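Accompanying notes for the structure given below.
Number of protein chains: 2
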Amino acid sequence: MSEITKVALDAMGGDHAPGEIVKGAVEAVQKRKDIEVFLVGQEELIQKELSQYAYDENQIKIINATEVIETAEPPVMAIRKKKDSSMVVAMKMVKNGEADAFVSAGNSGAVLVGGQLIVGRIKGIDRPPLAPLIPTAKGVSLLIDCGANVDARSSHLVQFAKMGSIYMEHVMGIKNPRVAIVNIGAEEEKGNALVKETFPLLKACKDINFIGSIEAREIPHGMADVIVCEAFVGNVILKLYEGVGAVLIQKIKKGMLSTLRSKIGALLVKPALKETLKSFDASEYGGAPLLGLNGLVVKTHGSSKAGEVSNSIIQCVTFKEQKINDKIRECIKED
Amino acid sequence: MSEITKVALDAMGGDHAPGEIVKGAVEAVQKRKDIEVFLVGQEELIQKELSQYAYDENQIKIINATEVIETAEPPVMAIRKKKDSSMVVAMKMVKNGEADAFVSAGNSGAVLVGGQLIVGRIKGIDRPPLAPLIPTAKGVSLLIDCGANVDARSSHLVQFAKMGSIYMEHVMGIKNPRVAIVNIGAEEEKGNALVKETFPLLKACKDINFIGSIEAREIPHGMADVIVCEAFVGNVILKLYEGVGAVLIQKIKKGMLSTLRSKIGALLVKPALKETLKSFDASEYGGAPLLGLNGLVVKTHGSSKAGEVSNSIIQCVTFKEQKINDKIRECIKED
Chain A
2 MSEITKVALD
12 AMGGDHAPGE
22 IVKGAVEAVQ
32 KRKDIEVFLV
42 GQEELIQKEL
52 SQYAYDENQI
62 KIINATEVIE
72 TAEPPVMAIR
82 KKKDSSMVVA
92 MKMVKNGEAD
102 AFVSAGNSGA
112 VLVGGQLIVG
122 RIKGIDRPPL
132 APLIPTAKGV
142 SLLIDCGANV
152 DARSSHLVQF
162 AKMGSIYMEH
172 VMGIKNPRVA
182 IVNIGAEEEK
192 GNALVKETFP
202 LLKACKDINF
212 IGSIEAREIP
222 HGMADVIVCE
232 AFVGNVILKL
242 YEGVGAVLIQ
252 KIKKGMLSTL
262 RSKIGALLVK
272 PALKETLKSF
282 DASEYGGAPL
292 LGLNGLVVKT
302 HGSSKAGEVS
312 NSIIQCVTFK
322 EQKINDKIRE
332 CIKED
Chain B
2 MSEITKVALD
12 AMGGDHAPGE
22 IVKGAVEAVQ
32 KRKDIEVFLV
42 GQEELIQKEL
52 SQYAYDENQI
62 KIINATEVIE
72 TAEPPVMAIR
82 KKKDSSMVVA
92 MKMVKNGEAD
102 AFVSAGNSGA
112 VLVGGQLIVG
122 RIKGIDRPPL
132 APLIPTAKGV
142 SLLIDCGANV
152 DARSSHLVQF
162 AKMGSIYMEH
172 VMGIKNPRVA
182 IVNIGAEEEK
192 GNALVKETFP
202 LLKACKDINF
212 IGSIEAREIP
222 HGMADVIVCE
232 AFVGNVILKL
242 YEGVGAVLIQ
252 KIKKGMLSTL
262 RSKIGALLVK
272 PALKETLKSF
282 DASEYGGAPL
292 LGLNGLVVKT
302 HGSSKAGEVS
312 NSIIQCVTFK
322 EQKINDKIRE
332 CIKED
């Protein structure tokens, strides 16, 4: 029998906490026998939600934590002061080896700060990147880094490329993933100072399949599996993806309702279109891992509902089974 | 009677040159009596295209230039060596006051280099930004800078904000345009080093209506009229806009053809949808001005057809009428 993956889940984080978070935990354990979830947060509230569902009681435990880190709180202060918050308590469980992974839909900044301060970095990793999967015409690509630590150095970007490759190969099952750096042209001499400095380092790196520069236009077409960039640029890409998608879909819906003829057509295309748009919805692909930590930390969207929470929990199993952190340690040690 | 706007048009630049470029010139003069176009390039080729159309011969003249700067040529070398290219000859006409504006669908880099080396910068302007209009849910916004000069300083960004404001107010007719800086969060303390340094300067700038940071997600929603950013980020935004739009539309079309029911629906929604998508197509809004030069330089898409060429030519009239460069000179001088 396979090992059990233990996930400490922040029951109090996110727009739909604790209701949808608890529901997501239940859905995950209903799907998989090899998962144990610790619902961390205010016991009474969690218990009340949990009592609505039927599930194997060996698979879900409540861990009481009285405080809550709010979405708008300054992250460093929140992590330092709120020792009995769901986030701090859950991340300590990962630190102490009581859990393999931490999943949260809460305050992004606090997840990033807590990941570094509490869970801690793998020796040799300078900066743990946040690496969401983004939908493309061909499937998904890993966008690394989208975190809060901006103005990275070239050595950081090389580590992002290596960790991203390991993740895409062993968690997502993409053999020899294509790694590209975000640039403003295809030629090697193009780019800003950071890209020009990083390009030859990636080219010389034996651990990755570096295919060169990628222009932003090519990202949605799925022209690379691992998209390396500095966090400011990654953040812009991630958020613009959402924004353009949302506005375009809104415009299309409005366009379809503009004439009687198109209204009838809209009714007929609706079911097929819904499926299509689902495949281009980032929330279908679970949470974003914060890589390079002594344990797995996963940040899911603040607006996550049960489905995304459940996907994010299940994602942790492959991460553990494939011993991703051992692979990262080995790859970084070699330098 | 209003003054004549004289436009030097690069007849040899772009994927569809000279055919669509010449056609665009004809369309522009058919629409407006107050425009004179100089078709600059290989005379015989241009004459052959032009002979197909009926137009007022006082409004179109051919200026012979024997050389052509190709799309892939290194820009600086091309501008320096090809003295008799359509680009160099046309830009010299602007420099010498024989034309008010230069419009090209050719080699972007060469347009930027030639703009600075031949047409020349307005005194006090450190870096002329390329500023395309991008479609939003509410209309269009000006994205400034998307050019080739990356790693800008904060003082450059302040100039971008001022020039962008003047353009949106007086060319696009948006009163007191909202200016925002691209950032990874709404709070003033967020951002990379450049944004943190620029934010208070923009806040203190009396010439503009600064509304603070804009996250990339909000750009397509039209939350600001002038979107200020460093060129690397601007380039990523512009190209990702195109990429996400293209892939999403491709997916939607495929989705509509997936079942018999949706195929019938697709036929019915097609005309309404086409109109909608047109409003979200960047090429509908003419070319991107390169601001801060002693004359107007406009870069249109390499794939421009007659319609976009014609729009870009007509755009030059308002630029001249509104004396945009005098307004820029005045605004920069005050510092």
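As given, the protein sequences belong to chains A and B, one line each in that order. Per my numbering, the very first residue in the first sequence carries number 2; after that it's consecutive. Per my numbering, the very first residue in the second sequence carries number 2; after that it's consecutive. Glycine residues also receive a C-beta, built at the ideal position from the N, C-alpha and C atoms. If you're wondering where the values come from, they're calculated on a predicted model, not measured in any experiment.
- Sequence-distant Cβ neighbours of N150 (chain B) in its own chain, meaning closer than 6 Å and more than five residues away, are R128 and A232.
- Against Y54 (chain A), chain B offers no close residue; the least beta-carbon distance is about 34 Å (beta-carbon pairs closer than 7 Å).
- The beta-carbon of G303 (chain A) is placed no less than 8 Å from the nearest beta-carbon of chain B.
- Of all residues in the region 133-160 of chain A, only T137, A138, A149, V151 and D152 place a beta-carbon less than 8 Å from a beta-carbon of chain B.
- Setting aside the 5 residues that flank it on each side, S311 (chain A) is surrounded in the same chain by G25, E28 and A29, each with a C-beta closer than 6 Å to its C-beta; the list follows chain order.
- According to DSSP, residue pairing for V141 (chain B) in a beta bridge involves B:P136.
- S259 (chain B) has a beta carbon lying within less than 8 Å of a beta carbon in chain A.
- Look at T277 (chain B): its C-beta is under 8 Å from a C-beta on chain A.
- Cβ neighbours of A289 (chain A) within its own chain (closer than 8 Å, five residues either side excluded): L131, A132, P133, L134, C147, V299, K300 and T301.
- Within the same chain, Cβ atoms closer than 8 Å to the Cβ of Q117 (chain B) are found at P129 and L294, the five residues on either side in sequence being excluded.
- No Cβ of chain B is located within less than 8 Å of the beta carbon of Q323 (chain A).
- Residues of chain B with a Cβ closer than 8 Å to the Cβ of K328 (chain A) do not exist, since the nearest Cβ in that chain sits about 30 Å away.
- As a beta-bridge residue in DSSP terms, F211 (chain A) pairs with A:V180.
- Distance from the CA of K271 (chain B) to the CA of E71 (chain A), rounded to the nearest whole angstrom, comes to 46 Å.
- In the structure shown, the three-state DSSP call for N108 (chain A) is coil.
- By the neighbour-count criterion, in which 16 or more other beta carbons inside 10 Å mark a residue as buried, M13 (chain A) falls on the buried side.
- Residues of the region 218-232 of chain B with a C-beta atom less than 9 Å from some C-beta of chain A are R218, E219, I220, P221, H222, G223, C230, E231 and A232, listed in chain order.
- Around the beta carbon of D282 (chain B), fewer than 16 other beta carbons sit within 10 angstroms, so the residue counts as exposed.
- Among the residues facing chain B, E99 (chain A) is not included, as its CB has no counterpart in that chain under 8 Å away.
- The residues N184, in chain order, have a CB closer than 6 Å to that of G192 (chain A) in the same chain once the five nearest residues on each side in sequence are set aside.
- The straight-line gap separating the alpha-carbon atoms of H17 (chain A) and M88 (chain A) is approximately 16 Å.
- 8 Å or more divides the Cβ of I209 (chain B) from the Cβ of I228 (chain B).
- Contact check for V8 (chain B) and V120 (chain B): beta-carbon distance about 14 Å, past the 8 Å limit, so the pair fails to qualify.
- Under the Cβ criterion of 8 Å, A79 (chain B) is not counted among the residues facing chain A.
- Beta-bridge annotation (DSSP): I228 (chain A) is paired with A:L144 and A:A181.
- Secondary structure at L158 (chain A): helix, using DSSP grouped into helix, strand and coil.
- Counting along the chain, A273 (chain B) sits inside no beta strand (DSSP E); it lies in the alpha helix (DSSP H) bounded by residues L261 to K279.
- V112 (chain A) has a beta carbon lying at 8 Å or more from every beta carbon in chain B.
- DSSP places V298 (chain A) in the strand class (E or B) of the three-state scheme.
- At a cut-off of 8 Å between C-beta atoms, V180 (chain B) does not count as an interface residue with respect to chain A.
- Along the region 51-83 of chain B, the beta strand (DSSP E) occurs as fully enclosed runs of 3 or more residues at 61-65, listed in sequence order.
- Around the beta carbon of K254 (chain A), fewer than 16 other beta carbons lie within 10 angstroms, which makes this residue exposed.
- Exclusion of the five residues before and after A73 (chain B) leaves no residue of its chain whose Cβ lies closer than 7 Å to its Cβ.
- In this structure, A138 (chain B) places its C-beta atom within 8 Å of the C-beta atom of G223 (chain B).
- Fewer than three Cβ pairs drawn from the region 50-60 of chain B and the region 78-94 of chain B lie within less than 8 Å of each other, which leaves the two stretches out of contact.
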